[in-house]
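Sequence lines, in order, name chains A and B. Here the first sequence is numbered in the working numbering, starting from 301 and rising by one per residue. Here the second sequence is numbered in the working numbering, starting from 301 and rising by one per residue. Below you'll find the structure, written out as structure tokens, and then a few comments.
Protein chains: 2
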Amino acid sequence: MSSDNPETRTRILQATLDLLEASQGHGVRMADIAKQAGLSRQAVYLHFANRAELLIATTHHLDALKGSDERLIPSRTARTGTERLDSFIEAWGNYIPEIYGVAKALLAMRDTDQAATQAWDKRMQDMREGCEAAIMALDRDNMLSPDHSPDQATDILWTLLSVRNWEQLTIDCGWPQDAYIENLISLARRLFVVQTTPE
Amino acid sequence: MSSDNPETRTRILQATLDLLEASQGHGVRMADIAKQAGLSRQAVYLHFANRAELLIATTHHLDALKGSDERLIPSRTARTGTERLDSFIEAWGNYIPEIYGVAKALLAMRDTDQAATQAWDKRMQDMREGCEAAIMALDRDNMLSPDHSPDQATDILWTLLSVRNWEQLTIDCGWPQDAYIENLISLARRLFVVQTTPE
DNA sequence: AAGTCACTTGACACCGTGTCAATTGACATG
DNA sequence: CATGTCAATTGACACGGTGTCAAGTGACTT
Chain A
301 MSSDNPETRT RILQATLDLL EASQGHGVRM ADIAKQAGLS RQAVYLHFAN RAELLIATTH
361 HLDALKGSDE RLIPSRTART GTERLDSFIE AWGNYIPEIY GVAKALLAMR DTDQAATQAW
421 DKRMQDMREG CEAAIMALDR DNMLSPDHSP DQATDILWTL LSVRNWEQLT IDCGWPQDAY
481 IENLISLARR LFVVQTTPE
Chain B
301 MSSDNPETRT RILQATLDLL EASQGHGVRM ADIAKQAGLS RQAVYLHFAN RAELLIATTH
361 HLDALKGSDE RLIPSRTART GTERLDSFIE AWGNYIPEIY GVAKALLAMR DTDQAATQAW
421 DKRMQDMREG CEAAIMALDR DNMLSPDHSP DQATDILWTL LSVRNWEQLT IDCGWPQDAY
481 IENLISLARR LFVVQTTPE
């Protein structure tokens with residue numbers, strides 16, 4: 301919490317990250333993290349008030365490591381709405397497997413911990429903004445299917461792109477990651493992009 | 301477990317059900333259930349070996365109460381594939397809110413308890429069969445969109461209809477239940493039913 | 001020599017689940 | 001009436017995981 305040796309702090313974050321990735325976010329205890337970081341359990345509490353705070357900090361650490369922001373650049377600079385939609389799905393969809401372990405752990409705490417809930421919801425809200433921006437870009441191009449209002453389309457896209465859906469399709473259904481991306485892009489196009497009937 | 305006073309047993313099941321429904325599946329402890337049933341905590345353990353077993357039994361109790369089977373009759377007896385798809389979505393989609401509390405609690409145990417995992421997965425597998433049947437019915441009518449293989453279409457429909465997606469759309473996005481049903485039917489039609497271009 | 005600081009050690013409280021053993025009280029059966 | 005059975009109660013306890021507390025250690029200042 302107040303201890304400010306940055307080296308130790310990041311060692312803890314990295315340990316947390318490694319364990320969560322290895323275990324898909326499951327059964328990782330404070331003691332395991334401490335051990336992995338080469339510290340006593342209590343030392344972890346000198347840097348993070350509690351498990352929730354540690355997990356939240358780990359997601360930020362992860363974002364910094366993996367460059368969550370830079371990934372969205374192609375989407376933001378897309379010329380057309382369709383292009384923006386595609387590249388947003390690709391960026392986010394390929395980010396999910398990289399954050400899966402941590403996301404799962406945070407998601408599990410959501411049920412009991414108030415701060416974890418907030419942190420998770422915040423992340424999802426950010427992701428939703430990406431969905432909204434893509435839908436608005438389509439709408440600006442007059443390419444948004446008349447079947448949905450922009451709000452509705454955003455809700456649906458946001459839901460389609462959830463971590464849970466990624467989990468179900470890739471892990472439960474066994475889709476390879478690239479099939480997941482391709483299919484989601486195709487799905488989104490058919491749902492949201494007005495069909496230019498050839499001829 | 302072995303105690304066989306059926307009246308007490310169902311009183312426990314009903315207590316569990318009531319609490320889970322009231323709390324959306326959250327923070328319901330064994331002691332709370334016992335209290336609600338007018339029993340000592342230990343008495344609950346005379347009827348159910350552990351929390352997981354109790355929750356699983358509660359889902360069956362719930363199915364019996366709400367007639368999970370009968371709900372599928374319209375879908376099974378549908379004449380066309382499209383009709384079958386529609387009525388399956390309607391039946392399942394309207395069932396979700398009725399089981400939501402219990403489902404959430406079982407889902408939460410899935411992370412830690414092996415029996416709960418099995419029980420949940422079994423239920424999802426059953427639901428998947430409904431999806432598959434609807435897709436096969438479409439395919440038989442030559443109405444399945446060429447964009448997907450039947451397997452893929454089943455995976456997607458199954459994912460679309462997940463409890464988590466229902467939760468996100470109705471609770472997080474605030475869709476009314478009937479809008480949820482309408483939208484999912486419309487979504488599924490656009491994704492899976494070959495478009496007879498009116499010309 | 002004294003002080004500071006990150007960290008360690010070990011004990012402990014809390015919570016919820018699950019277990020155990022002794023007891024109670026109602027009801028049946030000879 | 002005595003005996004047995006059986007559901008349920010009572011109260012204690014173990015366990016695992018989180019979080020807290022207090023005293024101690026050892027390195028590096030000044």
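By construction, the Cβ of each residue, glycine as well, lies at the ideal position given by its N, Cα and C atoms. Here the structure is a predicted model, which means the values were calculated and not measured.
Looking only at C-alpha atoms, which of the options sits nearest to residue i?
i	options	result
ARG489 (chain B)	B:GLN425, B:MET443, B:SER449, B:LEU469	B:MET443
TRP420 (chain B)	B:ASP332, B:ILE356, B:THR310, B:GLY338	B:ILE356
ALA453 (chain B)	B:ALA434, B:LEU406, B:ASN394, B:THR310	B:ALA434
GLN324 (chain B)	B:GLN336, B:PRO374, B:LEU407, B:GLU429	B:LEU407
ARG428 (chain B)	B:ASN465, B:ARG379, B:ARG384, B:TRP458	B:TRP458
LEU346 (chain A)	A:ARG309, A:ILE481, A:ARG379	A:ARG309
ILE485 (chain A)	A:VAL344, A:GLY381, A:ILE373, A:THR377	A:GLY381
TRP392 (chain B)	B:ALA334, B:VAL494, B:LEU317, B:LEU460	B:LEU460
SER368 (chain B)	B:VAL494, B:GLU390, B:ARG379, B:GLN418	B:GLU390
PRO450 (chain B)	B:LYS422, B:PHE492, B:ASP413	B:PHE492
What does the alpha-carbon distance come out to for the pair residue i and residue j?
i	j	result
LEU305 (chain A)	GLY327 (chain B)	Note that residue 305 (chain A) corresponds to Asn in the displayed sequence, not to Leu. Approximately 38 Å between the Cα atoms of the pair.
GLY401 (chain A)	THR496 (chain B)	44 Å
PRO476 (chain A)	THR470 (chain A)	6 Å
GLU353 (chain B)	ALA415 (chain B)	8 Å
ASP411 (chain A)	ARG440 (chain B)	43 Å
VAL463 (chain A)	LEU319 (chain B)	29 Å
GLY474 (chain A)	ASN483 (chain A)	13 Å
HIS361 (chain B)	LYS404 (chain B)	16 Å
GLN397 (chain A)	ASP478 (chain A)	In the sequence on display, residue 397 (chain A) carries Pro and not Gln. Rounded to the nearest angstrom, the two C-alpha atoms are 12 Å apart.
ALA349 (chain B)	ARG341 (chain B)	12 Å
ILE312 (chain A)	MET330 (chain A)	10 Å
SER456 (chain A)	THR358 (chain B)	One point to set straight first is that residue 456 (chain A) is Ile, not Ser, in the sequence displayed. Their Cα atoms are separated by approximately 32 Å.
LYS366 (chain B)	ASP426 (chain B)	17 Å
LEU385 (chain B)	GLN314 (chain A)	48 Å
ILE399 (chain A)	GLU370 (chain B)	42 Å
ASP447 (chain A)	ALA322 (chain B)	36 Å
MET424 (chain A)	GLU467 (chain B)	14 Å
ILE373 (chain B)	GLU432 (chain B)	16 Å
ALA364 (chain A)	TYR480 (chain A)	25 Å
GLU383 (chain B)	ALA437 (chain B)	9 Å
LEU487 (chain B)	GLU307 (chain B)	45 Å
LYS422 (chain A)	GLY430 (chain B)	35 Å
THR316 (chain B)	ASP472 (chain A)	29 Å
Between residue i and chain A, is any beta-carbon pair separated by less than 8 Å?
i	result
THR459 (chain B)	yes
LEU444 (chain B)	no
LEU320 (chain B)	no
HIS347 (chain B)	no
ARG371 (chain B)	no
HIS360 (chain B)	no
ASN465 (chain B)	yes
ALA433 (chain B)	no
Answer with yes or no whether the minimum CB distance from residue i to chain B is below 8 Å.
i	result
SER486 (chain A)	yes
CYS473 (chain A)	yes
ASN305 (chain A)	no
ARG376 (chain A)	no
ASP455 (chain A)	yes
Can you pull the chain A neighbours of residue i, defined as C-beta to C-beta under 7 Å?
i	result
GLN468 (chain B)	THR459, SER462
ALA408 (chain B)	ASP411
Mind checking who residue i pairs with in its DSSP beta bridge?
i	result
LEU444 (chain A)	A:VAL493
For a contact defined as C-beta to C-beta under 9 Å, what are the partners of residue i on chain A?
i	result
ASN394 (chain B)	Per Cβ cutoff of 9 Å: no residues; ASN394 (chain B) is ~18 Å from chain A at best.
Give the interface partners of residue i over in chain B, defined as CB-CB distance under 9 Å, in chain order.
i	result
ASP426 (chain A)	Within chain B, no residue comes near ASP426 (chain A); the closest Cβ sits about 14 Å away, beyond 9 Å.
LEU491 (chain A)	LEU487, ARG490, LEU491
Going along chain A in order, which residues have a C-beta closer than 8 Å to the C-beta of residue i?
i	result
ASP447 (chain B)	SER486, ARG490
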